[in-house]
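So for the sequence shown, full-length UniProt numbering puts the first residue at 1; every next one is plus one. These notes are about the structure you will find just below.
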Amino acid sequence: MRKINVFDTTLRDGEQSAGVNLNASEKLEIAKQLERLGVDIMEAGFPASSKGDFQSVQQIARTIKNSSVTGLARAVESDINTAWEALKDSAEPRIHVFIATSPIHMQYKLNLTPDQVVEKAVQSVKLASSKFSQVQWSAEDASRAELPFLARIIEQVIQAGATVINLPDTVGFTTPHEIGHMFSYLKEHVPSIDKVIMSTHNHNDLGMAVSNSLAAIQNGAGQVECTVNGIGERAGNAALEEIAVALNIRKDYYQAETRLTLKEIKRTSSLVSKLANMPVPGNKAVVGANAFAHESGIHQDGMLKNKETYEIITPELVGVNESSMVLGKHSGRHAFKDKLDELGFDGDKTQFQQIFEAFKDLCDKKKEVTEDDLFSLMTETMTDAVQESYELQTLQVNYGTNNIPTATITMKLPSGEMIQEAATGSGSVEAIYNTLERMIEGPVSLQDYRIQSVSGGGDALAEVYVQINYDHYESSGRGTAHDVLEASAKAYINAVNRTLIRKAYGHEQKNKVNI
């Protein structure tokens, strides 16, 4: 059975989703979970794009030991040198270099002739291979490139030291048949192709990213690039969980499988969804809330008699825990610590105490504390960035059928000063946000507001996601609380604080790239 390397690019290509801006602590938590999931390679970012991205890639490279960490670089000397500085302390220094290869990209984006592109690609790979033991080279927009040219440039970059050749469908243009033909053609026409691992990277603009990835694997790809929940620019990337489970369930057909610990899929999906502020659709394959729901009476009858009549994927395979009540107000510290460890907690004693206190507070308000509740509390604590910021102290909202909603808020400013302010609104949430706008320095306005429950029942935790424009920066934030209004205030303040962090670490200079 062939083993397929999983190259996860959630932290680089996935973060380019509209409205997503992960801070360093959030990226590190995702990286740790990807390591627990068992990805072979994770692309931690684009080190040359900003100071913040450089520091994040460097931190992840120094922390992760059981997965290979890589960073993106253009075919530019300064990019490659910067990537080396960020990645040199990793367990296995690896770089991902790319250049455009389609006629339209070479002419209008690069303004280079095909010969000049070959020369630039070879020079960049030679430099990269002089520093890195593993060099992945990507032919950007390969699906629209001319096959004879692709064969020619790939042979030369292999001779220059490339160890992985990646063929991206950058704009989500190709079909399963066409991508299969491309891989077959290159296997036949590139003399040194057996010296490298062939890789596939597919975007979902036409809804075929996963199908194209599986077709590439059928035709010789030994590595697949993907993102958790399929997040990414425009319509997103090939979904890691769908590819991995498809290979597992249909190994009889594909004769290939990954090394992933599949029971970590649901937890990984939930973490990325929460930190990226991108809820997973209920009908999403493998990880959606309805993935294992059966409404039809005929289906339900069959399930009761034999689950295999309608269930090809068991919830347990991907880590869906159907019995989610885990702890209560009488649970002790030892049992609580065991459950946190099971969820992947690796924080210090101070963080443990913060989570335990939040848990005990929640137990006073909820009859049953679920694993989802606990995971949410843990994530909130572990991704709190250390930075001077705005901090909510007290919140009071007055509302009645015939009264104008009024919010009174006490807040600690980044300077340490405590201030109090009040304002009205057409509703309670608007009153809160109008009050916060008075208290926060700089222009701030709400762009989007979403709310969902962490678990079921009337006493469920509320999770609020917002997008704001603060001081001319687009930012997103999240807040979790037992009370919807408190969660709303926390989400707004979180979005403001995330903007302050981005400004402090130079994220405003970050460049996005398509591959």
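Beta carbons: idealized from backbone N, C-alpha and C, even for Gly. In this text, all values refer to a predicted model and were calculated from it rather than measured experimentally.
Span separating the alpha-carbon of residue i from that of residue j
i: G45; j: T70; result: 8 Å
i: Y433; j: V464; result: 13 Å
i: K263; j: S269; result: 11 Å
i: S402; j: A422; result: For the sequence presented, residue 402 should be read as Asn rather than Ser. Spanning the two alpha carbons is a distance of roughly 19 Å.
i: S56; j: N21; result: 13 Å
i: E29; j: T383; result: 7 Å
i: D252; j: M42; result: 28 Å
i: E474; j: Q447; result: 9 Å
i: Y108; j: W137; result: 21 Å
i: S455; j: L392; result: 25 Å
i: M303; j: Y310; result: Model confidence at M303 stands at a pLDDT of 45, short of 50, so the residue's coordinates are unreliable and nothing is read from them.
i: T258; j: I243; result: 9 Å
i: N248; j: H201; result: 20 Å
i: S17; j: S376; result: 22 Å
i: A235; j: D13; result: 12 Å
i: M418; j: Y390; result: 10 Å
i: G457; j: F132; result: 53 Å
i: F352; j: L37; result: 23 Å
i: T499; j: H181; result: 46 Å
i: A276; j: G19; result: 8 Å
i: L343; j: P443; result: 39 Å
i: D341; j: G328; result: 17 Å
i: T370; j: E380; result: 16 Å
Local Cβ density within 10 Å of residue i, reported as buried at 16 or more and exposed below that
i: P47; result: buried
i: G297; result: Confidence in G297 is poor, its pLDDT being 47 and thus under 50, which makes the residue's placement unreliable; the coordinate value appears in the next sentence. Exposed: under 16 other Cβ atoms inside 10 Å.
i: residue 517; result: Because the chain is modelled from 1 through 515, residue 517 falls outside the range shown and cannot be assessed.
i: P435; result: A small correction: the amino acid at residue 435 is Thr; Pro does not occupy that position in the sequence shown. Per the 10 Å Cβ criterion, buried.
i: P93; result: buried
i: H105; result: buried
i: L147; result: exposed
i: H177; result: exposed
i: residue 518; result: One cannot answer for residue 518 here, as it falls past the ends of the chain, which runs 1 to 515.
i: K266; result: buried
i: M1; result: exposed
i: G477; result: buried
i: A216; result: buried
i: N494; result: buried
i: K339; result: buried
i: A481; result: buried
i: A89; result: For the record, residue 89 in the displayed sequence is Asp; it is not Ala. Under this definition D89 is an exposed residue.
Endpoints, the beta strand (DSSP E) within which residue i is located
i: I167; result: Strictly speaking, residue 167 in this sequence is Leu, with Ile absent from that position. From DSSP, the beta strand (DSSP E) with L167 extends over 164–169.
i: Q16; result: That residue, Q16, is in no beta strand (DSSP E); it is neither H nor E in DSSP.
i: Y449; result: 444–453
i: Y492; result: Careful: Y492 lies outside any beta strand (DSSP E), inside the alpha helix (DSSP H) at 484–504.
i: K412; result: 406–412
i: Q467; result: 462–470
i: S250; result: The question names Ser, but residue 250 in the sequence shown is Arg. It is not in any beta strand (DSSP E) - R250 carries neither H nor E in the DSSP assignment.
i: H96; result: 94–100
i: G479; result: 473–481
i: residue 521; result: Any question about residue 521 goes unanswered here, given that the chain covers just 1 to 515.
Residue i - containing alpha helix (DSSP H), residue span
i: V6; result: Counting along the chain, V6 falls outside any alpha helix (DSSP H), though it belongs to the beta strand (DSSP E) covering 5–8.
i: S68; result: That residue, S68, is in no alpha helix (DSSP H); its beta strand (DSSP E) goes 68–74.
i: R438; result: 428–439
i: A31; result: 24–37
i: A42; result: The sequence shown places Met at residue 42, rather than the Ala named in the question. Not the alpha helix (DSSP H): M42 falls in the beta strand (DSSP E), residues 41–45.
i: D421; result: One point to set straight first is that residue 421 is Glu, not Asp, in the sequence displayed. Not the alpha helix (DSSP H): E421 falls in the beta strand (DSSP E), residues 418–424.
i: S90; result: First-last for S90: undefined, no H or E at that position.
i: M182; result: 176–189
Beta-carbon proximity check, residue i vs residue j, cutoff 9 Å
i: I179; j: D169; result: yes
i: I158; j: S199; result: no
i: L317; j: V6; result: no
i: Q396; j: I404; result: no
i: T9; j: F54; result: no
i: I313; j: V280; result: no
i: R74; j: V513; result: yes
i: V171; j: A128; result: no
i: N204; j: A238; result: yes
i: Q116; j: T163; result: no
i: S428; j: L485; result: yes
i: L186; j: L240; result: no
i: A221; j: S213; result: yes
Residue i: CB within 8 Å of a non-hydrogen atom of the ligand ADP
i: Y449; result: Summarising the ligand content, the structure contains no ligands, and the ligand ADP is consequently not present.
Worksheet item: Which full runs of the beta strand (DSSP E) of 3+ residues lie inside the segment 104–158, going along the chain?
Response: 134–140
Discussion item. For a minimum of 4 consecutive residues, which ranges assigned as the alpha helix (DSSP H) are wholly contained in the segment 359–394?
Written reply: 371–382
Worksheet entry | Sequence ranges, alpha helix (DSSP H) only - wholly within the segment 213–286, length at least 4 | 240–249, 251–254, 265–275
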